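Protein chains in written order, with the numbering used here: chain A, 223 to 587; chain B, 5 to 378.
Heads up, the beta-carbon is just placed ideally off N, CA and C, and yes, glycines get one too.
Every value quoted in this text rests on a predicted model; they were computed, and no experiment measured them.
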Amino acid sequence: MSRFVYFLLIINMAANLIASGPRILFAKSEDGAIITMIMALFFGVFMNWALINSFKAFPGKNLPQILSTYVSKWVSIPALLVLGTIWYIAGLQTLITYIDIMLRYLTPEMSIYIIIGMFVLTISFGVIMQSRSILYILELVLVMLLPGVVYYLLKLYFEKQLSWDQVTLAMSYIDNPPDYTVFSTIAFLFVGSFDIIIFNSLLKKKMVFGIKQALIVFFLGAFVIFTSYFIPIGMLGFEKIEAVLYPWLITSDSIRMKFGIIERVIFIFLLIFLAIAFLNIILHWHVSFKLFENVFGVKNMSAGMKKNISIGIMVVVFWTIAIFATLKVTEYDLFLYSKYYFNSIPISFLGLMLLMWLVNRRAKL
Amino acid sequence: MKIGFLTNRLILFLCIICILLQSGCAFKDIDKRLFVTAIGIDPSENLEDGFKITLKVALPFGAIKESTEPEYAYLSKEGESIGEAIRMLETHVDKVLELGQMKTIVIHEKLLTNHMQSFMDYFFRRGDIPLIAFIAGAKPSAETILKVEPSTEAPASVALFNTFGETANESPYIVTGYLFKLRRDILTEGINPVLPLVEASEERDQLIVNNAIVVDKKKEPYELTSTETKYFNTLSDGARGFTYHIKNDEHRFLLNISQHNVTYQFVPDEKLSTPQKIIMHIKVKGIIGESQESLSLSNLDEYNQLASEEMEKKVLHFLTTMQEENLDPLGFGLHYRATRLHDPDVLTTWKRAYPDLEFSVTVDVILQGTGSIE
Chain A
223 MSRFVYFLLI INMAANLIAS GPRILFAKSE DGAIITMIMA LFFGVFMNWA
273 LINSFKAFPG KNLPQILSTY VSKWVSIPAL LVLGTIWYIA GLQTLITYID
323 IMLRYLTPEM SIYIIIGMFV LTISFGVIMQ SRSILYILEL VLVMLLPGVV
373 YYLLKLYFEK QLSWDQVTLA MSYIDNPPDY TVFSTIAFLF VGSFDIIIFN
423 SLLKKKMVFG IKQALIVFFL GAFVIFTSYF IPIGMLGFEK IEAVLYPWLI
473 TSDSIRMKFG IIERVIFIFL LIFLAIAFLN IILHWHVSFK LFENVFGVKN
523 MSAGMKKNIS IGIMVVVFWT IAIFATLKVT EYDLFLYSKY YFNSIPISFL
573 GLMLLMWLVN RRAKL
Chain B
5 MKIGFLTNRL ILFLCIICIL LQSGCAFKDI DKRLFVTAIG IDPSENLEDG
55 FKITLKVALP FGAIKESTEP EYAYLSKEGE SIGEAIRMLE THVDKVLELG
105 QMKTIVIHEK LLTNHMQSFM DYFFRRGDIP LIAFIAGAKP SAETILKVEP
155 STEAPASVAL FNTFGETANE SPYIVTGYLF KLRRDILTEG INPVLPLVEA
205 SEERDQLIVN NAIVVDKKKE PYELTSTETK YFNTLSDGAR GFTYHIKNDE
255 HRFLLNISQH NVTYQFVPDE KLSTPQKIIM HIKVKGIIGE SQESLSLSNL
305 DEYNQLASEE MEKKVLHFLT TMQEENLDPL GFGLHYRATR LHDPDVLTTW
355 KRAYPDLEFS VTVDVILQGT GSIE
């Protein structure tokens with residue numbers, strides 16, 4: 223597997239830490255969250271295995287290219303449209319959450335329009351960039367953030383106030399029956415690598431997904447799931463954890479840097495995760511944008527005024543939906559819709575795999 | 005794909021315009037803000053179920069060198085809820101009340117009971133109040149405590165921050181209570197939150213913190229003595245540099261503890277259904293800090309033995325006192341629940357068993373020397 227696939231995976235996992243994901247898990251903390259998390263962990267590794275294997279036969283080609291070669295337009299266009307929407311919503315969900323967080327914690331006195339404008343303009347610029355540059359940005363940002371993230375994680379795990387009794391108390395609910403929403407929420411953590419449906423055109427080497435890769439994905443997933451579920455419980459307590467709106471923000475606010483320049487770790491956390499969120503939104507929307515480009519035939523237009531205008535129109539549509547959604551959606555809506563969205567993820571995954579299976583069969587013939 | 009030169013420029017232009025729009029992120033200048041350093045909460049004198057809020061506001065001065073002592077302003081207001089009172093206080097001053105630096109919440113002793121949840125809620129909901137703010141009980145009242153300006157307080161520093169911050173004062177008699185931890189412990193069955201108790205000296209020039217209070221949802225808070233506070237700190241780990249007074253007929257000396265380790269386990273009865281006994285094992289390393297007579301290195305084992313017995317007695321005393329009051333500051337109940345598979349019966353079993361539990365404490369004192377003189 224190319225290192226960029228890991229990066230894509232990591233960035234998606236990290237960005238979901240702060241969004242609605244943990245809240246959904248905590249809502250089910252007394253209804254089988256633990257056992258489902260273990261099941262979903264294996265499913266997540268399986269998802270990645272299936273993805274890499276289905277793309278193995280087509281190094282250097284992205285999904286729209288593959289589909290246009292092997293299946294008719296009647297199949298490829300609806301499929302790309304659906305996938306494009308899924309990726310758009312993935313970005314939108316992160317965007318709405320982060321705008322809300324910024325408003326509440328970072329700049330409470332600022333107008334919401336300015337925040338949206340700031341986000342949307344910068345992200346739009348990222349969206350229409352070349353795929354190659356986006357991958358480079360991804361690598362650069364990850365390398366730059368790494369020291370901060372390592373420090374933050376160490377701080378979390380070695381925090382004196384972290385109550386491991388609370389953690390084991392949460393674990394004692396292991397014998398409850400599994401729950402589908404938790405399953406799909408965890409499965410969503412592993413879809414980061416699915417961005418290669420577009421970025422595969424840059425990954426020219428043939429990818430393998432053997433035991434080694436599976437183990438890396440497994441341990442990465444296990445670590446992220448463990449951290450995102452149990453650390454907030456250890457800090458905030460098992461009881462009433464589902465009542466906390468942003469468990470991760472509250473958790474990082476509960477950690478103290480005794481000798482730091484600033485005492486509140488929350489600001490390091492916000493800084494790191496704002497960058498990650500930005501990147502994640504850019505990635506998701508970029509994939510979505512590329513898919514839509516193929517659907518509406520903008521991709522094949524010759525360079526010129528017409529193409530520029532088409533791109534412009536698409537970006538404006540992206541903004542408009544984002545602005546309306548951000549202004550309209552309340553916290554409860556966001557929680558509810560995120561749940562529906564996550565629930566659709568395993569199904570869409572199966573759909574995509576079915577399509578890839580069909581394509582692989584045709585390619586072999 | 006190549007993006008047109010014009011589009012590129014246009015987007016760049018829009019991005020720059022976007023930066024201009026920020027107007028400093030709607031930022032209010034530092035001289036337009038008043039920094040609240042501490043909040044005091046007392047029961048209201050006039051309103052039923054109301055609160056009296058006192059804010060300690062740090063006043064700005066030109067340079068630290070010029071001022072000899074810190075200057076504060078105190079704002080007080082009664083209200084039915086904390087949020088309401090603070091909102092009203094905002095109309096008493098000309099600047100924005102900034103709560104982002106507010107690091108101490110001092111609460112009147114009497115308020116530390118069940119309805120604490122209702123007013124803690126406000127602090128949790130506000131995004132700008134740090135959850136690592138220190139919480140303390142106050143005696144005789146929060147307002148008096150806030151108004152004490154200790155003579156040791158330097159300009160541009162707040163005495164209460166130093167007391168609880170563990171960066172300056174690390175006394176074994178001081179318990180630190182954090183806002184987030186208080187919420188966690190209040191909501192959890194099987195542990196009682198412990199908060200420090202701040203008292204003012206007679207002349208109102210010193211803040212004395214050497215007691216702690218154990219908060220219970222159902223009854224009045226229980227006040228620990230200084231010695232009990234010290235033992236609580238030892239057992240709830242993390243506290244070091246303790247001194248222990250050991251005394252019998254022949255010897256009197258003081259132990260300086262540098263390391264310690266506490267482990268305990270539950271022993272169930274024959275039917276394995278209820279816990280019957282807690283076996284606690286404490287390992288302590290240290291040196292002798294003060295002695296009335298000359299000590300000899302060769303007798304170290306004897307001193308170990310003596311110290312162990314003395315400490316066992318005191319720890320046992322602390323544990324049984326807590327048990328008699330039906331309080332659980334160390335979280336035995338939580339640990340019991342955490343080590344069993346979830347079942348609604350676990351908690352009731354524990355609650356029934358706790359008042360009759362037996363404690364067996366063994367303390368291993370390993371003295372590493374008699375200090376610098378024998």
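query, result
"Start and end residues, beta strand (DSSP E) containing Q269(B)", "R256 to P272"
"Burial state of K234(B) (16 or more Cβ within 10 Å)", "buried"
"DSSP bridge partner residues for E88(B) (one or two, in chain order)", "Its beta-bridge partners do not exist; DSSP assigns none."
"Cross-strand partners of N215(B) (DSSP beta bridge)", "L201(B)"
"Beta-carbon contacts of D401(A) that lie in its chain and below 8 Å, excluding the five residues immediately before and after", "K250, D253, G254, A255 and T258"
"Interface residues of the stretch 381-410 of chain A facing chain B [CB-CB below 9 Å]", "K382, Q383, S385, W386, D387, Q388, V389, T390, L391, A392, M393, S394, Y395, I396, D397 and N398"
"Assigned secondary structure, D332(B) (DSSP; H/G/I helix, E/B strand, else coil)", "coil"
"Contact the stretch 470-484 of chain A vs the stretch 274-293 of chain A: 3+ CB pairs below 8 Å", "no"
"Any chain A beta carbon closer than 8 Å to L191(B)", "yes"
"Contact check, E84(B) vs N50(B), beta carbons under 8 Å", "no"
"Runs of beta strand (DSSP E) lying entirely within the stretch 119-196 of chain B, each at least 3 residues, in chain order", "138-143"
"Cβ contact check for the stretch 563-573 of chain A and the stretch 362-380 of chain A: 3 or more pairs under 8 Å", "no"
"Cα-Cα separation between E232(B) and Y554(A), rounded to whole angstroms", "47 Å"
"Run of the alpha helix (DSSP H) containing F347(A), from where it starts to where it stops", "I334 to V349"
"Which listed residue (V439(A), T542(A) and L289(A)) has its alpha carbon closest to that of S415(A)", "V439(A)"
"Chain A within 8 Å of L38(B), Cβ atoms only", "no"
"DSSP three-state assignment for M106(B), whether helix, strand or coil", "coil"
"P244(A) burial status per 10 Å Cβ neighbour count (16 or more: buried)", "buried"
"One or two residues paired with T284(B) in a DSSP bridge", "Correcting the residue type first, residue 284(B) is Met in the shown sequence and not Thr. M284(B) is bridged to Y268(B) and V365(B)."
"Straight-line Cα distance separating I396(A) from W309(A)", "33 Å"
"T247(B) - DSSP class collapsed to helix/strand/coil", "strand"
"Proximity below 8 Å, CB of P458(B) to CB of V218(B)", "No information on residue 458(B) is available, as it lies outside the stretch 5 to 378 that chain B covers here."
"M5(B), DSSP secondary structure in three states", "With a pLDDT of 47 at M5(B), under the threshold of 50, the modelled position of this residue cannot be trusted; read the value that follows with caution. It is coil, neither helix nor strand."
"Neighbour flag for F176(A) against chain B, beta carbons, 8 Å", "Absent from the model: residue 176(A). The displayed extent of chain A is 223 to 587, so no value can be given."
"Below-8 Å beta-carbon distance, P170(B) vs any chain A residue", "The amino acid at residue 170(B) is misidentified as Pro; the sequence shows Glu. So yes, E170(B) belongs to the interface."
"Option nearest V350(B) by Cα separation, candidates K222(B), F336(B) and K107(B)", "F336(B)"
"Classification of G188(A) by the beta-carbon crowding that lies within 10 angstroms, buried from 16 upward", "Because chain A in this structure spans residues 223 to 587, residue 188(A) falls outside the shown range and cannot be described."
"CB contact check: M5(B) to chain A, cutoff 8 Å", "At M5(B), the pLDDT of 47 sits below 50, so the modelled position is not reliable and the matter cannot be decided from this model."
"Amino acids of chain A, ordered along the chain, whose beta-carbon sits closer than 9 Å to that of I111(B)", "None at all; the shortest Cβ gap to chain A is about 19 Å."
"is_contact[Y327(A), chain B] using C-beta, thresh 8 Å", "yes"
"Extent of the continuous alpha helix (DSSP H) to which F440(A) belongs", "I433 to L458"
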